[in-house]
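Under the working numbering, the first residue of the sequence shown carries the number 9, and numbering increases by one thereafter.
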Amino acid sequence: MRAWLARAPLQKKLLGLVLFACAAALLLTATAFLVSDYLRFRHEMVRELTSRVDLVALNSAPALAFGDRRTARENLDVLSGHEDIGVAALYDRQGRQFARYARSEAAPVPVDVPVEVAETVPPQPSYNRIQFHAGYLELSRDILAGGDVIGHMLLRASLSPLRARLLTSIEILAATLLTALAFAGLLALRLQKTITGPVLSLAGTMEKVSRWQDYSLREPASASRDEIGRLVGGFNDMLAQIEIRDRELKNYKNQLERLVDERTAELLKARDEALQANRTKSSFLANMSHEIRTPMNAVLGYTQVLRSDAGLSEQQAKALSAIESAGLHLLDIINDILDLSKVEAGALELRIADFDLRELVEGMAQLFQLRCEQKGLAWRLASNIEPGTLVRGDQSKLRQVLINLLGNAVKFTDSGYVELSVQGDGEDYAFAVADSGAGIPLAQQAFIFDPFHQGESGHQKGGTGLGLALVKRHLELMGSAIALESAPGAGARFRFALCLPPGEMASQQRLPGELGQADRPLAVWVVDDVAGNRDVLCQLLAQVGLAAHDFADAESALAALEREAPDLVFMDIRMPGMDGFAALARIRAEPGLAGIKVVAITASSFERLPEAYLRAGFDGFIPKPFVFGAVCSLITELTGAHFFATPPAASTVAAGEWRLPAALKDQLTQAANQADLSALRALQPALAEFPGVASRVEDFMSRYDVDGMLHFLAEVSHETG
């Protein structure tokens with residue numbers, strides 16, 4: 009009904025409402041009439057039947073008194089003249105049936121009247137009653153003689169005359185109702201024009217104004233003084249005001265058009281230049297950065313190989329050092345550009361995990377204390393973080409933020425100090441990096457976090473201007489913001505705060521030495537299309553006595569599952585042909601393979617979060633490069649197998665007796681802190697002159713124990729000369 013009222017024209021609405029109101033009123037009146045007629049006719053029917061019963065009961069009293077059954081039946085036969093009476097019966101004083109009447113076959117009993125009556129009835133004080141049943145009426149009367157009850161009479165009559173009367177009344181009223189509605193509709197059609205005429209005319213004028221935008225049109229004034237007349241007057245006044253406004257706006261428009269025409273060419277040119285510059289930058293970030301980074305790794309690697317040549321002259325050694333320094337600087341620039349491109353592409357996401365905040369802070373202190381000593385700066389650490397403080401957050405991004413801030417502090421400070429402050433209060437942690445450098449002018453502070461923006465000191469010291477931009481983006485991703493306090497000559501202080509909930513898992517402890525054998529054999533499969541990846545993981549598993557069977561594609565692994573089922577499968581996600589998700593779906597579809605544990609492995613930096621792999625049906629997730637302790641912990645979690653640690657062979661040289669050049673130790677610590685295995689491998693040739701340290705570093709790299717390597721390097725002495 010509401011939908012029809014919303015769509016229908018005004019004329020139909022008025023007609024519909026009039027007809028609806030008339031129909032409701034007529035229907036209410038007809039209903040009242042039907043109810044009244046029904047009750048009246050039923051009362052007349054009851055009164056007539058009651059008279060007949062009373063008459064028969066009176067005439068049957070002598071027959072009951074003298075036991076004359078024949079006379080009693082003759083009295084009941086008088087009821088045959090009423091064709092709606094189906095059955096009647098007389099009962100004596102003791103409640104026994106004395107005489108009975110039922111319609112004959114020539115005059116059949118109405119189908120809705122039961123003709124069976126009881127042979128005896130229990131005595132009651134009085135049988136005078138009227139009862140309506142489904143389809144028939146039952147009357148009972150006491151038979152009196154000399155004031156005493158000598159019996160009673162029962163009569164049943166059909167209600168079909170009552171129903172017929174009701175049906176006739178309904179037909180008459182329906183015809184009357186339809187006739188009245190038709191008359192009301194015709195009358196409403198003629199009378200509604202007095203209301204709808206002015207409204208429709210106003211609507212037509214409004215439509216013309218809207219279509220033609222001609223505000224000079226006017227609606228003829230209405231002769232009526234009602235609401236419609238006031239509506240027409242108000243509409244005409246509104247059109248007059250709009251017409252005046254349009255004339256004024258047209259004058260303003262002509263003036264603005266002249267100004268816009270003068271600026272349009274300049275704006276279009278500036279827009280095209282900006283779009284072209286943005287496309288050029290995006291193309292550079294997406295293509296050239298990756299193409300430059302790959303050969304730079306080879307340049308740095310061969311530089312380290314050449315430096316180990318004892319036959320190099322002093323001039324050649326200096327040239328190689330210059331090449332290495334420039335290459336590392338260029339590699340840092342490319343890494344910053346790649347990170348910024350990930351941020352702008354929206355591919356950077358949080359990697360939430362539990363980590364030890366105290367270990368992270370100590371790692372930063374070890375790395376930058378050495379850099380400060382090399383530059384003659386004082387190193388300060390202010391921290392209230394207790395040992396074993398487990399928090400949950402993105403450790404990698406927090407480490408990168410601190411490295412960028414502390415690296416800038418060391419770079420732009422020539423004398424004085426560099427300070428790292430970490431203060432915890434419940435789940436809230438405040439971080440601050442301060443220095444005593446030249447400071448940042450107020451005019452530059454508003455742009456210091458923009459990509460590729462550098463102040464005067466930045467151009468002098470070198471760099472890309474991307475470090476602080478990445479710091480800002482990383483902190484925004486972690487739900488925080490960076491604040492700067494600085495003034496020329498007063499140093500700089502960068503601060504931010506993070507909410508780091510307590511870690512829910514126990515800290516992953518480094519195993520003291522090489523792992524021994526597993527406590528029970530396991531059938532482990534490695535499925536990866538890259539042979540090097542398969543070999544690395546198989547060798548890691550071999551160190552704990554687990555012989556792994558490897559497959560180059562998912563199809564061959566699925567074929568082998570038809571012959572045997574392993575305990576654990578390491579499944580690569582990205583493979584040609586069938587990928588890891590499709591292979592997992594095939595495995596889960598087989599009821600007999602439900603007990604196999606499948607772990608997702610992937611090296612893509614743009615992959616989804618580990619929780620997504622668990623939701624997809626994998627039992628675990630291991631990122632590349634593989635961390636030895638994480639692999640063993642996951643095997644224990646999924647299979648229940650345990651590994652026994654054995655202490656390493658005793659060394660004849662204490663860690664504090666090993667020495668490294670300060671620059672080499674700094675490079676090793678920085679690469680380990682960033683878990684950059686490529687950089688660690690590039691530094692191996694330079695360690696050839698220090699076999700003891702090289703052996704330990706190689707051992708840590710073979711087990712991917714980055715934390716152990718950092719602790720070891722912190723104990724190694726460095727040469728300051």
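Virtual Cβ for every residue (Gly too), placed ideally from N, Cα, C.
Computed from a predicted structure; not experimentally measured.
With DSSP run on the structure shown, which of helix, strand or coil describes Val661? Locating residue 661 in the sequence shown gives position 653, counting from the first residue. Low confidence applies to Val661: its pLDDT is 43, below 50, so where it sits in the model is not reliable, and the reading given next is rough at best. Looking at Val661 - three-state DSSP - the assignment turns out to be coil, as it is neither helix nor strand.
If we count Cβ pairs, one from each stretch, closer than 8 Å, do we get three or more for the region 684-704 versus the region 383-402? no
Anyone know if the C-beta pair for Asp536 and Asp580 falls short of 8 Å? In the sequence shown, residue 536 corresponds to position 528, counting from 1. In the sequence shown, residue 580 corresponds to position 572, counting from 1. The answer is yes: Cβ separation under 8 Å.
For Lys605, which residues does DSSP report across the bridge? As a position in the sequence shown, residue 605 is number 597, starting the count at 1. Note: Lys605 sits in a beta bridge opposite Leu576.
If Leu23 and Gly212 are in contact, beta carbons under 8 Å, what's the gap, nearest whole angstrom? Stepping through the sequence shown from its first residue, residue 23 is reached at position 15. Stepping through the sequence shown from its first residue, residue 212 is reached at position 204. About 20 Å separates the two Cβ atoms, so there is no contact after all.
Could you tell me the boundaries of the alpha helix (DSSP H) in which Gly415 lies? Taking the first residue of the sequence shown as position 1, residue 415 is located at position 407. It spans Gln403 to Lys419 - the alpha helix (DSSP H) in which Gly415 sits, taken as one unbroken run.
Measuring only the C-alpha atoms, how far is Ile252 from Met246? Reading the sequence shown from its first residue, position 244 is the one you call residue 252. Reading the sequence shown from its first residue, position 238 is the one you call residue 246. Those two C-alpha atoms are separated by around 10 Å.
Report yes if the CB atom of Gly735 is closer than 8 Å to the CB atom of Gly445, and no otherwise. Here the chain covers residues 9 to 729 and nothing more, so residue 735 does not appear.
Shortest alpha-carbon distance to Thr421 belongs to which of Pro395, Gln263 and Gly497? Indexing the sequence shown from 1 puts residue 421 at position 413. Closest by alpha carbon: Gly497.
On the three-state DSSP scale, how would you describe Pro631? Here the question's residue 631 lines up with position 623 in the sequence shown. Residue state, collapsed to three classes: strand.
Buried or exposed (CB count within 10 angstroms, at least 16 for buried), Gly603: Stepping through the sequence shown from its first residue, residue 603 is reached at position 595. Its Cβ having fewer than 16 others within 10 Å, Gly603 is exposed.
When every heavy atom of the ligand GDP is checked, does at least one fall within less than 7 Å of the C-beta of Ala491? Among the components modelled here there is no ligand, and therefore nothing to report on the ligand GDP.
Beta-carbon gap between Arg379 and Asp674 smaller than 8 Å: Reading the sequence shown from its first residue, position 371 is the one you call residue 379. Reading the sequence shown from its first residue, position 666 is the one you call residue 674. In this structure, Asp674 lies closer than 8 Å to Arg379 by Cβ.
Kindly give me the distance between the Cβ atoms of Leu358 and Met486, rounded to whole angstroms, as I take these residues to be in contact under 8 Å. Here residue 358 refers to the residue found at position 350 when the sequence shown is read from its first residue. Here residue 486 refers to the residue found at position 478 when the sequence shown is read from its first residue. With 8 Å as the limit, Leu358 and Met486 qualify as a contact, their Cβ atoms being about 7 Å apart.
Whose C-beta lies closer than 7 Å to the C-beta of Val430 among residues of the same chain, with five residues either side of it excluded? Taking the first residue of the sequence shown as position 1, residue 430 is located at position 422. Excluding residues within five positions, the ones whose Cβ falls inside 7 Å are Val369, Ser391, Ile393, Tyr437 and Phe439.
My guess is that Val639 and Leu548 are in contact by the Cβ rule of under 8 Å, so how many angstroms apart are they, rounded? Mapped onto the sequence shown, residue 639 falls at position 631. Mapped onto the sequence shown, residue 548 falls at position 540. Val639 to Leu548, Cβ: 6 Å. Contact.
Please report how far the alpha carbon of Ala624 lies from the alpha carbon of Pro509, in whole angstroms. The residue you call residue 624 lines up with position 616 of the sequence shown. The residue you call residue 509 lines up with position 501 of the sequence shown. Going from the Cα of Ala624 to the Cα of Pro509 covers about 26 Å.
DSSP has Thr610 in a bridge; who is on the other side? Taking the sequence shown and counting its residues from 1, the one referred to as residue 610 is at position 602. According to DSSP, Thr610 bridges with Pro631.
If we ignore side chains and look at the alpha-carbon of each, how far apart do Gln249 and Leu208 end up? If you number the sequence shown from 1, residue 249 lands on position 241. If you number the sequence shown from 1, residue 208 lands on position 200. About 23 Å.
Please state whether DSSP places Trp220 in a helix, a strand or coil. To locate residue 220, count along the sequence shown from 1; it is residue 212. Note: Trp220 maps to helix in three-state DSSP.
Taking Ser166 as the reference, which of Asp156, Ile180, Gln139 and Ser44 has the closest Cα? Residue 166 sits at position 158 when you count from the first residue of the sequence shown. It is Gln139 whose Cα lies nearest to the Cα of Ser166.
Let me know the secondary structure DSSP gives Gly159 once reduced to three states. By 1-based counting over the sequence shown, the position of residue 159 is 151. If DSSP states are grouped into helix, strand and coil, Gly159 belongs with the strands.
Pro17 versus Arg171 - alpha carbon distance: Mapped onto the sequence shown, residue 17 falls at position 9. Mapped onto the sequence shown, residue 171 falls at position 163. In a straight line, the C-alpha of Pro17 is about 44 Å away from that of Arg171.
Is the beta carbon of Leu476 less than 8 Å from the beta carbon of Phe457? To locate residue 476, count along the sequence shown from 1; it is residue 468. To locate residue 457, count along the sequence shown from 1; it is residue 449. Yes.
Determine which residues share a DSSP beta bridge with Val441 and list them. Numbered from its first residue, the sequence shown carries residue 441 at position 433. DSSP, once it has assigned bridges, lists Leu428 and Phe502 as partnering Val441.
Close-in-space but distant-in-sequence residues of the same chain around Arg226 (CB under 7 Å, 5 per side omitted): For the purposes of this step, residue 226 is taken as residue 218 along the sequence shown, with counting starting at 1. Here the set comprises Asn244 and Leu247.
Using beta carbons (cut-off 8 Å, strictly below), is Leu385 in contact with chain D? Looking for chain D here will not work: only one protein chain is present.
Return the Cβ separation of Val61 and Leu163 in integer angstroms, given the expectation that the two are a contact with Cβ distance under 8 Å. In the sequence shown, counting from the first residue as 1, residue 61 sits at position 53. In the sequence shown, counting from the first residue as 1, residue 163 sits at position 155. Yes, Val61 and Leu163 are in contact; Cβ-Cβ is about 5 Å, under 8 Å.
Quick one: what's got a C-beta closer than 7 Å to Thr79's C-beta in the same chain, skipping five residues either side? Residue numbering aside, residue 79 sits at position 71 when the sequence shown is read from its first letter. Contacts found: Ala71.
Let me check one thing: in DSSP terms, what residues is Cys507 bridge-paired to? Walking along the sequence shown from the start, residue 507 turns up at place 499. The partner list for Cys507 (beta bridge, DSSP) reads Asp436.
In whole angstroms, give me the CA-to-CA distance for Asp222 and Pro228. Position 214 of the sequence shown holds residue 222. Position 220 of the sequence shown holds residue 228. One C-alpha to the other measures close to 16 Å.
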